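A quick write-up on the structure given underneath.
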Amino acid sequence: MPKQSTTERTTAAAPITTRSLVVRVAAIIGIIAALAFSGLMRNEWLQVVTLGVVQGITEYLPISSTAHLLITADLFNFQYSIGGTFEIFIQLGTVIAVVVFYMRDLLEQLRGLRSDAEVRRFWLGIVLAFIPAAIIGLTFRDWIKLVLFESPSIIATSLIVGGIIFIVIERIPPRENVVTDVKKISFRQALGIGIAQVAALVPGVSRSGASIVGGMLAGLDRKVATTFSFYLAMPTLGAATIVDLLASLDQVTPDDVGRLLVGTIVAGIVGWLSIGWLLRYVATNSFVAFGVYRIIAGVVILVLVATGLL
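For what it's worth, this note's numbering labels the leading residue of the sequence shown as 1088, then goes sequentially.
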């Protein structure tokens, strides 16, 4: 009997309904927001743990982890951001989470790397998709952190525009002959996904959201686009974490190291749980719920900006 892949084993579990997903995410984000406004989150370690939870929940959902982290940190008046390095570094936890989640598949691919041309082709596609965001991100890194990371209005607008795009994409009639096997993705499709991922350098766009939409437009079915997005997260988030940490190393104090480690561990645990959750969801549902959530979140942020709370 052939072995099931990680994705097949996960999606075979009980499906998650749109209502269940919206209720869970909204409840968690609502609780965090309420705690922020109540003033009960003044303890730095509670803030660190909460930001780790936010990162873990939102990284692999197409709702922008960076947007949620930056806004939550602002609401907490988080004092240990290290110029945005904290928010970027704890992504390492979600990178480790996706590696652990796909460990069995990764080990099988590693063993077959020399003999299986299909596996080599798949990973060349991942590298190809990684290159556009790597080049643009390195070139404009300082400007992105100084300008885009500091603007709640840009974050809110990106959330709203991305939400509208998700809803529009789901209204387009499904294409025929879509790719249903992640190892069958062509280099052209991989490059298209990589170009789409560049948009995620703007906080609020969502790396997973941009790459999933890019994959669907390139001719992948929803589940394959999501799986490819998860694999693409390994080099993309891993490289971003290393580059930003090295660039900010002179600002990191011994006390910061503890906060970075705790935030990363929490993000990794929660992120690992979120991956299976999303894969089960996309097996039977569209992304319209995420689009609606993004629009509502963006409007709420604009209201907070207008009232001076952000």
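Ideal placement from N, C-alpha and C gives every residue a C-beta, glycine not left out. The structure presented is a predicted model; accordingly, all values stated were derived computationally and were not measured.
With a contact defined as Cβ atoms closer than 8 Å, I1177 and G1139 qualify at about 6 Å. When secondary structure is reduced to three states using DSSP, L1200 falls in the coil class, being assigned neither helix nor strand. When the five nearest sequence neighbours on each side are left out, the beta carbons in the same chain lying within less than 7 Å of the beta carbon of V1265 are those of G1306, L1307, D1308, in order along the chain. Rounded to the nearest whole angstrom, the C-alpha separation of L1336 and P1260 is 49 Å. Look at V1234 here: in three-state DSSP terms it is helix. Secondary structure of V1248 (DSSP, three-state): helix. Beta-bridge analysis with DSSP links L1307 to V1266. The beta carbon of V1206 is closer than 8 Å to those of Q1196, G1199, L1200, K1270 in its chain, skipping five residues each way along the sequence. Remark: C-beta atoms of I1272 and P1219 do not approach each other more closely than 7 Å. A residue is called buried once 16 or more other Cβ atoms fall within 10 Å of its Cβ, and P1341, having fewer, is exposed.
At the C-beta level, A1216 and A1277 come within 7 Å of one another. In terms of Cα proximity to L1365, the closest of T1172, I1144, L1389 is I1144.
Look at Y1368 here: in three-state DSSP terms it is helix.
Its Cα nearest to that of G1291, the residue L1389 stands out among L1389, A1221, N1130. Per DSSP, reduced to three states, the secondary structure at L1133 is helical.
When DSSP states are grouped into helix, strand and coil, G1279 belongs to the helix group. When G1250, L1304, V1255, I1169 are compared, the shortest CA-CA separation from R1346 is found for I1169.
When rounded, the separation of the alpha-carbon atoms in R1228 and L1288 is 9 Å. Taking C-alpha positions only, I1222 is separated from T1323 by approximately 11 Å. L1179 is classed as buried because its beta carbon has at least 16 other beta carbons within 10 Å across all chains shown. Annotation for E1174: the continuous alpha helix (DSSP H) segment containing it runs 1172-1176. Here DSSP, grouped into helix, strand and coil, assigns L1193 to helix.
Of the residues assessed, S1202 falls on the exposed side of the cut-off, its CB having fewer than 16 other CB atoms within 10 angstroms.
Under the three-state reduction of DSSP, G1291 is assigned to coil, being neither helix nor strand.
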